[in-house]
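Respectively, the protein sequence lines represent chains R and X. Counting in this note's numbering, the first sequence runs from 43 upward without gaps. Counting in this note's numbering, the second sequence runs from 2 upward without gaps. Here a beta-carbon is modelled for each residue, glycine too, at the ideal position from N, C-alpha and C. Beneath this line is the structure, given in structure tokens, with notes to follow.
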Amino acid sequence: MDLTLLMYLVPSLIMFGCGVYGFLTRKNMIAIMISLELMLNSVDINFVVFNRYLFPLSNEGMFFTLFAIAIAAAETALALAIIINVFRALKNVDITEINKLKF
Amino acid sequence: MPLNLSIAVVAIPLFMFFFLGLAGVKMSRKLTGVLGVLGMLVTTVLAYGVAFTYFFGTGDGQVTAEGVRQAVIVWNPDWLAFTPTLVARMGIALDPIAAMMLVVITTISLMVHLYSLGYMSDHHGNPEKGFQRFYADLALFTFSMLGLVVATNLFQIFIFFEMVGVSSYLLIGFYFHSPAAIHASKKAFIVTRLADLFFLLGIMILSYYTGTFDFFNQNGMVGMTDSMDAAKAAIGSAGAQTFMGCSVMAWALTFIFIGGAGKSAMYPLHIWLPDAMEGPTPVSALIHAATMVVAGVFLVARLFPLYVIEQGAMDIICVVGAFTAFYAAAIACVQSDIKRALAFSTISQIAFMMTSLAVSSADNGLIEIHEGYGLGYMASMFHLFTHAMFKALLFLCAGAIIHAVHSNENKDMHGLHKYMPITSFAFLIGCLAIAGIPPFAGFWSKDEILVACYEKGLGWGLWMSAVAGMTAFYMFRIYFLIFHWKEHKVHTEHKPADQVWTMTLPLIILSVVSIVAGFVPMHDLVTWDGKELHTQLNWVVAGSSVAIACVGIGLAYVMYFKENPLPSKMKNSMNGLWTAAYHRFYMDELYQFITHKVIFKAICVPIAWFDRKFIDGFMNMLADVTNRAAYGVRRMQSGSIQSYVYVYIMGALLIAVVSIVCVLM
Chain R
43 MDLTLLMYLV
53 PSLIMFGCGV
63 YGFLTRKNMI
73 AIMISLELML
83 NSVDINFVVF
93 NRYLFPLSNE
103 GMFFTLFAIA
113 IAAAETALAL
123 AIIINVFRAL
133 KNVDITEINK
143 LKF
Chain X
2 MPLNLSIAVV
12 AIPLFMFFFL
22 GLAGVKMSRK
32 LTGVLGVLGM
42 LVTTVLAYGV
52 AFTYFFGTGD
62 GQVTAEGVRQ
72 AVIVWNPDWL
82 AFTPTLVARM
92 GIALDPIAAM
102 MLVVITTISL
112 MVHLYSLGYM
122 SDHHGNPEKG
132 FQRFYADLAL
142 FTFSMLGLVV
152 ATNLFQIFIF
162 FEMVGVSSYL
172 LIGFYFHSPA
182 AIHASKKAFI
192 VTRLADLFFL
202 LGIMILSYYT
212 GTFDFFNQNG
222 MVGMTDSMDA
232 AKAAIGSAGA
242 QTFMGCSVMA
252 WALTFIFIGG
262 AGKSAMYPLH
272 IWLPDAMEGP
282 TPVSALIHAA
292 TMVVAGVFLV
302 ARLFPLYVIE
312 QGAMDIICVV
322 GAFTAFYAAA
332 IACVQSDIKR
342 ALAFSTISQI
352 AFMMTSLAVS
362 SADNGLIEIH
372 EGYGLGYMAS
382 MFHLFTHAMF
392 KALLFLCAGA
402 IIHAVHSNEN
412 KDMHGLHKYM
422 PITSFAFLIG
432 CLAIAGIPPF
442 AGFWSKDEIL
452 VACYEKGLGW
462 GLWMSAVAGM
472 TAFYMFRIYF
482 LIFHWKEHKV
492 HTEHKPADQV
502 WTMTLPLIIL
512 SVVSIVAGFV
522 PMHDLVTWDG
532 KELHTQLNWV
542 VAGSSVAIAC
552 VGIGLAYVMY
562 FKENPLPSKM
572 KNSMNGLWTA
582 AYHRFYMDEL
592 YQFITHKVIF
602 KAICVPIAWF
612 DRKFIDGFMN
622 MLADVTNRAA
632 YGVRRMQSGS
642 IQSYVYVYIM
652 GALLIAVVSI
662 VCVLM
């Protein structure tokens, strides 16, 4: 059986859905960040898959993915640093409790 | 003495004001008072010198040319240039009335300064607070009044008009811890300020049509008739313009007269003057008897060349003056507070001056100078001069009496002749002078006024003669009630007596002046066109006015010399009239009614309601709606990323569904 485009896109969609769901429902900042990573990775998969199936002669999709992974890593590091600092200051990473800067 | 010294005459009181006002608190009370008196003495000597040089100077100082006394502009720098031609200047001009007023103001002011050394030194046995402030304010007033009379233009006269108003306000409210004094000072300020609004309107109209504020031409010495030519030209050009049936010039001059009427307490703007008696008595003598209250007369006299052309404005002044003279005299007949009675007497006498000015233009619609023309003007200025002297004398006597018995009411006085002989004689001289008994000062000036009135018409003359008779009656009523009537009830703690020499000396000096002031050859010195006026005593008028005055005095003698039931019988027989006159014909109540019931209740309250409900309400509604909207919208901007994303995703899904549905259909 040949692997079709759809076979890649469906798991990617499920992954994205999981990411959205996690992003909306989790209260823990770390969990929210993981959900964010899930969404990002599903988009990466889409990039690669569309490049592979629709434009096999070019490599832009691959490059973009590599870029995205690198930037995502940097951004994750930054986000983790923020979360750790928030935790140090407030002893808490629950997003509903952290509203000191609101209003 | 060079006329330039008139600058010093005006400058010294100003300097004394700043000096005593700023350094006074550091000095002892006595030093302040003595310095104030000395400063005033120097001013007085200089003013006398300037006036003497102006009137009698020969050689370089001579100001007459071809028998006409010229106005001299001593100093006149530009101050505010509105347009190249319309310039407000600040300067000093001397003409007969200015020179005469310099003498009057400085004399009375010096007497009052001296008198206050005694009068203000104690207040019911305690040292008077604010002694230094009192002298500073006196100096300020003297400066303002001097600046007013030497003004070279309308703009300057207006500024000094306001300044005398302010100093009057400060001095009436000198006892600022007493509510009555505060009310009186506010009332005086507001009423005169209201009148000054009309004055300002008049100045604007007049300066718009004539293109100048100046009284005199700028080319050094000019005849006063020159300013009249300019006025004639101006009226000629503006004469075609009419507003509500009267020429604009008539409106302007009437408005200016209203300003003067406010200061000079003409009916119906007189209500502030009786209340102003709440101030210290020397202040009443200086400001509210002799100087400031004649500012209105002075103003009309200053603009006399314009008024003679405008018969309509003159008629208004004439009617107002004649009515006020009678009205105030009627009230003065029944007042029990001696200062108030004197205040109404002042109003009546100033009305005499106003009427005299106004009858001056008798039977001439055109500018035609005939013999006797301008007699009223001279008589008015003459009466201003003599009245200042004897009315200041009467007020200072009243102050001495009040100081002795600690009351303003004549029921607390009675029979003081035995205890205060000097004051009694001084008061008697003042009364004889105001009643018009020869040879006292009032006779000569009042006689001229009556002659001028008879020239205008028999009715005017008879009316004013009758008022002169009332004057004699009420003045002697006051005199007899204070000094005779019955034995004085002596309180054991202190007996009333003549006061200290600082208070008695001014009385003696002013008594002498009141006797001799009538012999000043005023008709040679102070005339409206600067020429000598040939007058002679009109024996018919003089004889009849003396007879009327004697009848008035006789009536007062019968009723008030010895205690008797006649006055109370009179009072009961015409109770309504007596009560009405005692309550000043309810003018104050009328004002109270108009301001409170009509203006406040019927106009201000609805306006305030409209303002609060509609204007403020609309603005508040806008603010309220914005506030509420913001409060509602606030919840949307929660700062919670999760809810933003939720809304975003839901929106995106909705759009997706809609577009799919659209594509499928």
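- Ordered along the chain, which non-local residues of its own chain (more than five positions away) have a Cβ less than 7 angstroms from that of Phe-20(X)? The answer is none, since no qualifying residue turns up.
Checklist entry - Are Cys-319(X) and Thr-292(X) close, meaning C-beta to C-beta below 8 angstroms? => result No. Outside cutoff.
Using a Cβ cut-off of 8 angstroms (strictly closer), state whether Tyr-170(X) contacts chain R.
No, Tyr-170(X) lies away from the interface with chain R (no Cβ there is under 8 angstroms from its Cβ).
Which value, in whole angstroms, describes the spacing of the CA atoms of Tyr-176(X) and Phe-190(X)? One C-alpha to the other measures close to 16 angstroms.
Is the shortest distance between the beta-carbon of Ile-650(X) and the beta-carbons of chain R less than 8 angstroms?
True, the Cβ-Cβ gap to chain R drops below 8 angstroms.
Could you spell out the range, first to last residue, of the beta strand (DSSP E) harbouring Trp-529(X)?
Careful: Trp-529(X) lies outside any beta strand (DSSP E) and carries neither H nor E.
Does Lys-142(R) come out as helix, strand or coil in the three-state DSSP assignment? Taken through DSSP and simplified to helix, strand or coil, Lys-142(R) comes out as coil.
task = May I have the straight-line CA-CA distance separating Gly-633(X) from Tyr-95(R), to the nearest angstrom?
result = When rounded, the distance between both Cα atoms is 50 angstroms.
Check your understanding: Are at least three pairs of beta-carbons, each pair with one atom in the stretch 458-477 of chain X and one in the stretch 73-89 of chain X, less than 8 angstroms apart?
Key -> With a cut-off of 8 angstroms on Cβ pairs, the stretch 458-477 of chain X is not in contact with the stretch 73-89 of chain X, counting fewer than three such pairs.
Whole alpha helix (DSSP H) elements within the stretch 337-423 of chain X, 4-residue minimum
Along the length of the stretch 337-423 of chain X, whole alpha helix (DSSP H) runs at least 4 residues long occupy 339-360, 376-406, reported in chain order.
message: For Val-646(X) and Thr-118(R), I'd like the C-alpha separation in whole angstroms.
response: Linking Val-646(X) to Thr-118(R) through their CA atoms gives a straight-line distance of about 19 angstroms.
For Val-88(X), write down the residues that DSSP places opposite it in a beta bridge. When beta bridges are read from the DSSP output, Val-88(X) appears opposite Ala-82(X).
With burial defined as no fewer than 16 other Cβ atoms inside 10 Å of the residue's Cβ, what is the status of Asn-5(X): buried or exposed? Flag for Asn-5(X) reads exposed.
* Asked: Of all Cβ atoms in chain X, is any one closer than 8 angstroms to the Cβ of Leu-66(R)?
  -> Yes, Leu-66(R) counts as interfacial toward chain X.
For this session: May I have the straight-line CA-CA distance separating Thr-193(X) from Ala-329(X), to the nearest angstrom?
Result: Spanning the two alpha carbons is a distance of roughly 18 angstroms.
Against chain X, does Val-11(R) count as a neighbour if the rule is that its beta carbon must be under 8 angstroms from one of theirs? Given that chain R is displayed from residue 43 to residue 145, the structure contains no residue 11(R) and the question cannot be resolved.
Between Glu-372(X) and the rest of its own chain, which residues show a CB-CB distance below 6 angstroms, the 5 nearest in sequence each way excluded?
Model confidence at Glu-372(X) stands at a pLDDT of 47, short of 50, so the residue's coordinates are unreliable and nothing is read from them.
Might you give, ordered along the chain, the residues of its own chain that have their beta carbon closer than 7 angstroms to the beta carbon of Phe-159(X), omitting 5 neighbours on each side? Phe-200, Leu-201, Ile-204, listed in sequence order.
Name the chain R residues that come within less than 7 angstroms of Tyr-647(X), Cβ to Cβ? The contact set of Tyr-647(X) on chain R, defined by CB atoms closer than 7 angstroms, consists of Leu-66 in chain order.
Between which two residues does the beta strand (DSSP E) containing Trp-76(X) stretch?
In the DSSP assignment, Trp-76(X) falls within the beta strand (DSSP E) that extends over 73-76.
Rounded to the nearest angstrom, what separates Val-51(X) and Val-75(X) at their Cα positions? Their backbone Cα atoms lie some 11 angstroms apart in a straight line.
Could you check what DSSP says for Ser-248(X) in three-state terms: helix, strand or coil? DSSP places Ser-248(X) in strand when its eight states are reduced to three.
*If you draw a straight line from the C-alpha of Leu-195(X) to the C-alpha of Tyr-136(X), how long is it?*
Taken atom to atom, the span from the alpha-carbon of Leu-195(X) to that of Tyr-136(X) is near 28 angstroms.
Contact with chain R by Gln-593(X), beta-carbon distance below 8 angstroms: When Cβ-Cβ separations below 8 angstroms define contact, Gln-593(X) makes no contact with chain R.
Of the listed residues Ala-518(X), Val-406(X), Met-560(X), nearest to Met-476(X) (C-alpha basis): The candidate whose alpha carbon is nearest that of Met-476(X) is Met-560(X).
Q) Are the beta-carbon atoms belonging to Ala-121(R) and Met-75(R) less than 8 angstroms from one another? A) Yes, the Cβ-Cβ distance between Ala-121(R) and Met-75(R) is below 8 angstroms.
- Query: Does DSSP put Ala-498(X) in a helix, in a strand, or in coil?
  - Reply: Note: Ala-498(X) maps to coil in three-state DSSP.
Considering only C-alpha positions, which residue in the set His-418(X), Leu-526(X), Leu-508(X) is nearest to Phe-481(X)?
Considering only alpha carbons, the answer is His-418(X).
Point to revise | The alpha helix (DSSP H) enclosing Leu-66(R), as first and last residue numbers | key: Here the alpha helix (DSSP H) through Leu-66(R) covers 47-67.
Q. Within the chosen definition, does the stretch 128-138 of chain R reach the stretch 34-41 of chain X through at least 3 CB pairs nearer than 8 angstroms?
A. These segments do not touch.
* Exposed or buried, Lys-188(X), counting other C-beta atoms within 10 Å across all chains shown (16 or more means buried)? -> A residue is called buried when at least 16 other Cβ atoms come within 10 angstroms of its Cβ; Lys-188(X) meets this threshold and is buried.
Quiz item: Roughly how many angstroms separate the alpha carbons of Gly-224(X) and Leu-506(X), rounded to a whole number?
Solution: Here Gly-224(X) scores only 40 on pLDDT, less than 50, and its place in the model should not be relied on; the value that follows carries that caveat. The straight-line gap from Cα to Cα measures roughly 41 angstroms.
inquiry  = On the DSSP letters alone, give me the boundaries of the beta strand (DSSP E) that Ala-94(X) sits inside.
reply    = First-last of the beta strand (DSSP E) with Ala-94(X): 93-95.
Any beta carbon from chain X within less than 8 angstroms of Lys-142(R)'s own beta carbon? Chain X, which has no Cβ nearer than 8 angstroms to the Cβ of Lys-142(R), makes this no.
Exercise for review: Reducing DSSP to helix, strand and coil, say where Asn-220(X) ends up.
Suggested key: With a pLDDT of only 42 at Asn-220(X), under 50, the local geometry of the prediction cannot be trusted, and no value is derived from it.
Next on the checklist: Since Ile-549(X) and Ala-469(X) should fall inside the 8 angstroms C-beta cutoff, what is the C-beta to C-beta distance between them, to a whole number of angstroms?
Outcome noted: Sure, about 6 angstroms apart at Cβ, within 8 angstroms.
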